[in-house]
Amino acid sequence: MGLDALHGKLTYQAALLGAFALLTSGALALASKATGPAIEAAAAEDLKQSLTQVLPGQYDNDLTRDTLVLPGPDGEITVYRARKGGQVAAVVFQVQARGYAGPVVSMMGVDRDGKILGVRVINHKETPGLGDKVEPAKGNWIHGFEGRFLGDPAAEKFAVKKDGGVFDQFAGATITPRAVVKSVKAGLEFFGREKARLLDESHSSPAQASGGQNHGGSAS
Amino acid sequence: MTDYARISRDGLWDNNVVFAQMLALCPTLAVTGTATNGLGMGLATTAVLTVSNVLISAIRKLVSPDVRIPVYVVVIATLVTLVDMALNAWVHQLYKVLGLFIALIVVNCAILGRAESFASKNAVLPSMVDGLMMGLGFTAALVALGGVREIIGSGTLFAQAHLLLGEAFAFLELTLIPGYKGYLLMILPPGGFLALGFLLAGKRVLDRRRAERAARIEAEPAVA
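Protein chains in written order, with this note's numbering: chain A, 6 to 225; chain B, 252 to 475.
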């Protein structure tokens with residue numbers, strides 16, 4: 006058979022490998038193009054959901070449009086601001102820290118006094134069944150942050166119990182909760198540092214605030 | 252003639268991916284902390300295994316034996332990535348639950364193993380059946396292992412199944428031992444090895460009993 010004779014030829018083998026590499030990368034490119042918008046839409050929907058989860062209550066503006074990009078502890082942080090009567094009532098931003106298997110990314114909402122409104126882990130690759138108890142669907146742990154601020158507990162107590170702090174770790178998984186606690190603490194410190202800019206206090210009129218400097222970019 | 256019953260029995264029991272071939276132990280031990288996780292990993296793997304067997308079988312005459320492994324690896328990796336993207340785009344809720352497992356499928360040597368030992372030598376339809384049956388056998392093994400570890404480790408069975416299968420399957424979630432504090436060792440990796448060891452021993456005992464009975468039945472008429 007002709008094909009069998011070709012099998013031993015080096016040129017055929019090289020061409021075959023090349024053809025498969027081309028075909029599969031082509032398929033991936035097409036798929037990426039086809040699924041891209043849907044994935045983006047799903048991510049945006051997730052973002053909206055996690056925003057409303059960490060921000061209980063009603064606000065007057067569309068948070069996803071009122072953003073501010075500030076330099077944070079590790080790279081730029083996109084801050085979403087919720088307003089009531091033109092004044093910033095609360096801010097939401099992402100924080101992250103290294104977990105057991107890659108970064109653990111959380112979304113946290115902080116009111117204008119620096120008190121935590123809510124925290125949600127939105128992206129992680131922790132061990133299923135152990136570290137994933139930080140997800141609200143799999144445990145109540147994440148609600149333990151609500152109402153906390155730097156001072157309750159004090160900065161040195163803002164850690165898991167194993168490190169002398171006040172937050173529980175999980176049996177068999179200390180690294181994941183430790184990462185979340187650490188990132189939340191860093192988030193609160195970031196809030197304290199950037200409070201004036203976050204709360205837009207340099208601007209007196211809300212019209213100016215929502216128009217001028219807010220278009221620093223919303224993509225992250 | 253293709254013997255589909257033989258293929259099915261091989262996949263489900265005689266040549267089971269985990270309990271007989273001892274393949275794919277890395278994802279097996281990693282995700283079977285609960286029966287639900289085992290089920291999710293098993294179903295995702297079954298889908299990929301079936302499609303990969305079909306594809307590999309379809310191109311088997313084209314691929315020269317010297318370069319078959321890189322070709323299979325590229326095909327399987329592409330497939331997994333496609334599944335990952337498709338789930339993320341169109342069934343995002345399911346992706347949030349299964350997403351953790353899908354990346355792990357690439358490292359599942361059972362898929363390459365079936366491509367190499369079955370799909371590369373057989374026609375498309377038998378390869379599809381083989382992929383499906385091997386996948387279901389793998390799923391059953393993972394659910395069994397996850398079930399044992401979950402019951403001993405936390406006293407529940409199919410916890411959080413509704414996240415994977417939808418609210419209609421919430422009835423699967425059982426608390427078998429109320430107020431049980433849990434035996435953490437079984438959830439941790441050593442528990443995976445322990446449970447797997449006992450399940451393997453159990454399968455050996457069953458197989459030997461069956462073989463002995465078959466031998467007796469065969470021996471009796473000869474004596475009489």
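Where a beta carbon is used, it is the ideal one built from N, C-alpha and C, also for glycine.
For residue i versus residue j, is the C-beta distance shorter than 9 angstroms?
{"i": "Asp65 (chain A)", "j": "Gly91 (chain A)", "result": "yes"}
{"i": "Phe154 (chain A)", "j": "Ile121 (chain A)", "result": "yes"}
{"i": "Val93 (chain A)", "j": "Ile82 (chain A)", "result": "no"}
{"i": "Thr29 (chain A)", "j": "Ala340 (chain B)", "result": "no"}
{"i": "Gly170 (chain A)", "j": "Phe163 (chain A)", "result": "yes"}
{"i": "Leu450 (chain B)", "j": "Val399 (chain B)", "result": "yes"}
{"i": "Ala421 (chain B)", "j": "Gly293 (chain B)", "result": "no"}
{"i": "Val97 (chain A)", "j": "Val110 (chain A)", "result": "no"}
{"i": "Gly177 (chain A)", "j": "Leu439 (chain B)", "result": "yes"}
{"i": "Gly388 (chain B)", "j": "Tyr434 (chain B)", "result": "no"}
{"i": "Val331 (chain B)", "j": "Ala354 (chain B)", "result": "yes"}
{"i": "Gly262 (chain B)", "j": "Gly397 (chain B)", "result": "no"}
{"i": "Trp264 (chain B)", "j": "Ala275 (chain B)", "result": "no"}
{"i": "Gly291 (chain B)", "j": "Val282 (chain B)", "result": "yes"}
{"i": "Thr301 (chain B)", "j": "Gly417 (chain B)", "result": "no"}
{"i": "Lys53 (chain A)", "j": "Thr69 (chain A)", "result": "yes"}
{"i": "Gln344 (chain B)", "j": "Ala142 (chain A)", "result": "no"}
Have a look at the options and flag the residue whose alpha-carbon is nearest the alpha-carbon of residue i.
{"i": "Ala48 (chain A)", "options": "B:Ile402, B:Ile438, B:Gly453 and B:Tyr346", "result": "B:Tyr346"}
{"i": "Ala26 (chain A)", "options": "B:Val322, B:Glu367, B:Gly386 and B:Gly417", "result": "B:Val322"}
{"i": "Ser303 (chain B)", "options": "B:Phe352, B:Pro440 and B:Gly364", "result": "B:Gly364"}
{"i": "His148 (chain A)", "options": "A:Asp168, A:Gly123, A:Ala159 and A:Pro158", "result": "A:Gly123"}
{"i": "Asp9 (chain A)", "options": "B:Pro316, B:Tyr434, B:Ala391 and B:Ala392", "result": "B:Pro316"}
{"i": "Gln63 (chain A)", "options": "A:Lys89, A:Pro76 and A:Asp71", "result": "A:Lys89"}
{"i": "Ala298 (chain B)", "options": "B:Lys312, B:Phe270 and B:Thr390", "result": "B:Thr390"}
{"i": "Leu383 (chain B)", "options": "B:Ala361, B:Ile438, B:Thr332 and B:Ile320", "result": "B:Ala361"}
{"i": "Glu424 (chain B)", "options": "B:Tyr434, B:Ala446 and B:Glu401", "result": "B:Glu401"}
{"i": "Lys312 (chain B)", "options": "B:Glu471, B:Ala374 and B:Val456", "result": "B:Ala374"}
{"i": "Leu11 (chain A)", "options": "B:Val318, B:Trp264 and B:Tyr431", "result": "B:Val318"}
{"i": "Gly31 (chain A)", "options": "B:Val326, B:Ala466, B:Gly448 and B:Leu416", "result": "B:Val326"}
{"i": "Gln18 (chain A)", "options": "B:Phe369, B:Gly448, B:Asp458 and B:Val314", "result": "B:Val314"}
{"i": "Ile44 (chain A)", "options": "B:Val268, B:Phe270 and B:Met336", "result": "B:Met336"}
{"i": "Ser378 (chain B)", "options": "B:Trp264, B:Thr287 and B:Ile307", "result": "B:Ile307"}
{"i": "Ala106 (chain A)", "options": "A:Glu199, A:Ala184, A:Asp205 and A:Lys200", "result": "A:Ala184"}
{"i": "Gly41 (chain A)", "options": "B:Met273, B:Leu333 and B:Phe444", "result": "B:Leu333"}
{"i": "Gly406 (chain B)", "options": "B:Val342, B:Ile428 and B:Met385", "result": "B:Ile428"}
{"i": "Val59 (chain A)", "options": "A:Gly77, A:Ala39 and A:Asp116", "result": "A:Asp116"}
I need the straight-line Cα distance from residue i to residue j, nearest angstrom please.
{"i": "Asp173 (chain A)", "j": "Ser37 (chain A)", "result": "41 angstroms"}
{"i": "Val394 (chain B)", "j": "Thr285 (chain B)", "result": "8 angstroms"}
{"i": "Leu338 (chain B)", "j": "Ala295 (chain B)", "result": "11 angstroms"}
{"i": "Tyr85 (chain A)", "j": "Ala95 (chain A)", "result": "9 angstroms"}
{"i": "Thr181 (chain A)", "j": "Val139 (chain A)", "result": "8 angstroms"}
{"i": "Lys130 (chain A)", "j": "Leu349 (chain B)", "result": "11 angstroms"}
{"i": "Leu135 (chain A)", "j": "Phe409 (chain B)", "result": "15 angstroms"}
{"i": "Gly265 (chain A)", "j": "Ile356 (chain B)", "result": "Because chain A here runs from 6 to 225, residue 265 (chain A) falls outside it and cannot be looked at."}
{"i": "Lys190 (chain A)", "j": "Asp67 (chain A)", "result": "27 angstroms"}
{"i": "Arg260 (chain B)", "j": "Leu414 (chain B)", "result": "31 angstroms"}
{"i": "Gln213 (chain A)", "j": "Arg202 (chain A)", "result": "In this predicted model, Gln213 (chain A) has a pLDDT of only 40, less than 50, meaning its place in the structure is not dependable; the value taken from the coordinates is given anyway. Using only the alpha carbons, I get a separation of about 14 angstroms."}
{"i": "Leu280 (chain B)", "j": "Leu21 (chain A)", "result": "36 angstroms"}
{"i": "Pro61 (chain A)", "j": "Ala87 (chain A)", "result": "11 angstroms"}
{"i": "Tyr431 (chain B)", "j": "Arg461 (chain B)", "result": "37 angstroms"}
{"i": "Val100 (chain A)", "j": "Pro158 (chain A)", "result": "19 angstroms"}
{"i": "Arg257 (chain B)", "j": "Trp146 (chain A)", "result": "50 angstroms"}
{"i": "Phe196 (chain A)", "j": "Ala452 (chain B)", "result": "57 angstroms"}
{"i": "Tyr255 (chain B)", "j": "Asp381 (chain B)", "result": "8 angstroms"}
{"i": "Glu194 (chain A)", "j": "Lys166 (chain A)", "result": "20 angstroms"}
{"i": "Asn359 (chain B)", "j": "Phe369 (chain B)", "result": "16 angstroms"}
{"i": "Ser225 (chain A)", "j": "Gly192 (chain A)", "result": "With a pLDDT of 37 at Ser225 (chain A), under the threshold of 50, the predicted position of this residue should be treated as unreliable, and no value is reported."}
{"i": "Met273 (chain B)", "j": "Gly448 (chain B)", "result": "11 angstroms"}
{"i": "Arg50 (chain A)", "j": "Thr57 (chain A)", "result": "In the sequence as presented, Arg is not what sits at residue 50 (chain A); that position holds Glu. Those two C-alpha atoms are separated by around 11 angstroms."}
Please name the residue or residues paired with residue i in a DSSP beta bridge.
{"i": "Tyr85 (chain A)", "result": "A:Thr72 and A:Val97"}
{"i": "Asp116 (chain A)", "result": "A:Ala95"}
{"i": "Ser111 (chain A)", "result": "A:Val100 and A:Val126"}
{"i": "Phe175 (chain A)", "result": "A:Ala178"}
{"i": "Asp65 (chain A)", "result": "DSSP lists no partner for Asp65 (chain A)."}
{"i": "Leu193 (chain A)", "result": "According to DSSP, Leu193 (chain A) bridges with nothing at all."}
{"i": "Gly1 (chain A)", "result": "Because chain A in this structure spans residues 6 to 225, residue 1 (chain A) falls outside the shown range and cannot be described."}
Which residues in chain D sit within 8 angstroms of residue i, going by Cβ to Cβ distance?
{"i": "Gly13 (chain A)", "result": "Reference to chain D is not applicable here, since the protein chains of this structure are A and B."}
The ligand ADP and residue i: does the residue's C-beta get closer than 8 angstroms to at least one heavy atom of that ligand?
{"i": "Tyr346 (chain B)", "result": "For the structure depicted, the ligand ADP is absent and the ligand set is empty, with no information on it obtainable."}
Return the residues of the stretch 439-462 of chain B that lie within a Cβ-Cβ distance of less than 7 angstroms from chain A, sorted by chain order.
For the stretch 439-462 of chain B, which is checked against every Cβ of chain A, the residues closer than 7 angstroms are Leu439.
For the stretch 18-38 of chain A, enumerate the residues whose C-beta is nearer than 7 angstroms to any C-beta of chain B, in chain order.
Listed by position, the residues of the stretch 18-38 of chain A near chain B (Cβ gap below 7 angstroms) are Gln18, Leu21, Leu22, Phe25, Ala26, Thr29, Ala32, Leu33, Ala36 and Ser37.
Going along the chain, which residues of the stretch 261-290 of chain B sit with their C-beta nearer than 7 angstroms to a C-beta in chain A?
From the stretch 261-290 of chain B, only Val282, Gly284, Thr285 and Asn288 have a Cβ closer than 7 angstroms to chain A.
Taking Cβ-Cβ distances below 8 angstroms as the criterion, which residues of the stretch 413-440 of chain B are in contact with chain A?
Going along the stretch 413-440 of chain B in chain order, one finds Leu414, Gly433, Leu435, Ile438 and Leu439 with a Cβ nearer than 8 angstroms to chain A.
Near-chain A residues of the stretch 290-316 of chain B (beta-carbon distance less than 8 angstroms), N- to C-terminal order:
When C-beta distances to chain A are compared with 8 angstroms, the residues of the stretch 290-316 of chain B below that value are Lys312, Leu313, Val314, Ser315 and Pro316, in chain order.
Check distances from the C-beta atoms of the stretch 331-355 of chain B to those of chain A and list, in chain order, the residues that come in under 7 angstroms.
Those residues of the stretch 331-355 of chain B that come within reach of chain A (Cβ to Cβ, closer than 7 angstroms) are Thr332, Leu333, Met336, Ala337, Asn339, Ala340, Trp341, His343 and Leu351.
Could you name the residues of the stretch 168-181 of chain A whose beta carbon sits closer than 8 angstroms to any beta carbon of chain B, in the order they occur along the chain?
So the close ones are Ala176 and Gly177.
Select from the stretch 38-57 of chain A all residues with a C-beta closer than 7 angstroms to any C-beta belonging to chain B, and list them in chain order.
Cβ proximity to chain B below 7 angstroms picks out Thr40, Ala43, Ile44 and Ala47 from the stretch 38-57 of chain A.
Check each residue of the stretch 375-393 of chain B: if its Cβ is closer than 7 angstroms to any Cβ of chain A, include it; give the result in chain order.
Of all residues in the stretch 375-393 of chain B, none is placed with a Cβ closer than 7 angstroms to any Cβ belonging to chain A.
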